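Each residue of the sequence shown is one higher than the one before, counting from 1 in UniProt numbering. We put the CB at the ideal spot given by N, CA and C, even for glycine. Model, not experiment: these values are computed from the prediction. Since the structure comes first, as structure tokens, the remarks are kept for the end.
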Amino acid sequence: MSKTLRRVGPPLLLLAPSLLLLAVFVYGLIAANFQMSFTDNHTAAQATGQAPTVNVWFDNYIALLATDAFQHSLLNLLLFTAVFLVGTMAMGFGWAWLLEKPVKGEGFFRSIYLFPMAVSFVASGVVWRWLLNSNQDAQASGLNRLFQIIGLDFLQNNWWNNVTVGIAAIAIPAIWQLSGYVMALFLAGFRGIPEELREAARMDGASELQLYRHVLFPQLSPVALSALIIIGHMSLKSFDLIMSISKPANYQTKVPAVDMYVFKSSFDYANAAAVGAILLVIVAAVIIPYLIHTHREEKR
């Protein structure tokens, strides 16, 4: 017993502060959030303890998922995530493919593509709010004015003010900001492929297209999966960019994270917690299969 304590004790003591903080401020708060979501805490009086609360269990979840407004938020989240994922992956991979072979000025272009990552979503959102201005024709500004100048008036539109697909316009600045990160991931993947594989494929008579399709691209599948998971879970939690371009009251750009903010601001803590729990479940549904897959790959 003493030998076991001497062997295990010091590592546990070193990990204890981190484990304690994790238990209290991550899992403890998650448990508290779920507990709040099971109550009828919907008013300021209840939030401040002046009125009693009772457990209603899953009633808040059922009521939320049954409302057209929250269903619209979920559809917006799905559309935003789809456009964000496809655009970021396509642009990031395209830039990495262009820079995969050393070219003159590669460092300059790589820095240009990565620079948007250094800008906060709030700061870029202020700029993109002007660029995505919905005014058209004589009052046009931002991108609509640019389309006028270059003779592409038919491309003018109301951007994020469109009730049906307005949230997709907000994915444009998100793509601009994070495609450089995806490029860096794919570029590192390209550079990590041994040169011997390329030479062996060429010696076997493979064309450049076959080389990429049958040799290089399969080697990049772990990088692509990692990029999908990282970008996917970031899009599911998007809040600051949407808030800096639009407003909480705008129906066309509502997503669950914005709903959670609106509920919390109106002292509806129970519904705010329920939305947070729903988001947690959605993110977990994306992350947990990836973690299981990664664990199995490491055991091989």
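So is residue i buried or exposed if we call it buried at 16+ other beta carbons inside 10 Å?
i           : result
His42       : buried
Pro218      : exposed
residue 305 : The chain is shown from 1 up to 300; residue 305 falls before or after that span and cannot be answered.
Met117      : exposed
Ala227      : buried
Ala221      : Note that residue 221 is Ser in the sequence shown here, rather than Ala. By the neighbour-count rule (16 or more Cβ atoms within 10 Å), Ser221 is not buried but exposed.
Trp57       : exposed
Ser111      : exposed
Trp130      : exposed
Ser18       : exposed
Thr4        : exposed
Phe154      : exposed
Asp204      : exposed
Leu152      : exposed
Tyr27       : exposed
Gly105      : exposed
Asp68       : exposed
Ile62       : exposed
Leu108      : Per the sequence shown, the amino acid found at residue 108 is Phe instead of Leu. Exposed, by the Cβ-count rule.
Leu15       : exposed
Gly92       : buried
Go ahead and pull the three-state DSSP assignment for residue i.
i      : result
Asn158 : coil
Asp268 : coil
Ala44  : helix
Ala249 : coil
Ser18  : helix
Gly49  : coil
Thr67  : coil
Val283 : helix
Val263 : Looking at the sequence itself, residue 263 is Phe, so the reference to Val does not match. Of the three classes helix, strand and coil, the one that applies to Phe263 here is helix, per DSSP.
Lys254 : coil
Ser73  : helix
Ser244 : helix
Phe239 : coil
For residue i, write down the residues that DSSP places opposite it in a beta bridge.
i     : result
Leu55 : The amino acid occupying residue 55 in the given sequence is Asn; Leu does not appear at that position. For Asn55, which the question treats as bridged, DSSP gives the partners Thr39.
Given the structure, does residue i come close to the ligand ZN, in the sense that its CB is under 7 Å from one of the ligand's heavy atoms?
i     : result
Phe84 : Among the ligands in the structure shown, none appear at all, so the ligand ZN cannot be discussed.
Report task. Let me know the alpha helix (DSSP H) ranges lying completely inside the stretch 170-231, each 4 residues or longer, listed in chain order. Result -> 195-203, 208-211
> Along the chain, which unbroken stretches of the alpha helix (DSSP H) at least 4 residues long are found entirely within the stretch 98-164?
Replying inline: 106-114, 121-131, 142-149
Are the stretch 181-191 and the stretch 223-231 touching by the rule of at least three beta carbon pairs closer than 8 Å? yes
Task: Segment contact, 8 Å Cβ cut-off, at least three pairs: the stretch 79-88 with the stretch 162-175 - done: yes
Sufficient close CB pairs (3 or more, under 8 Å) joining the stretch 66-83 to the stretch 152-171:
yes
Can you confirm whether the stretch 20-36 touches the stretch 259-275 when touching is taken to mean that 3 or more C-beta pairs between the two stretches lie within less than 8 Å? yes
Touch check for the stretch 252-259 and the stretch 60-74: three-plus C-beta pairs under 8 Å? yes
- request: Taking 8 Å as the threshold, find out whether the stretch 140-151 comes into contact with the stretch 92-102 through three or more Cβ pairs.
  value: no
Item to complete: Flag this pair as touching only if the stretch 234-247 and the stretch 121-130 have three or more C-beta atom pairs under 8 Å; answer yes or no.
Response: yes
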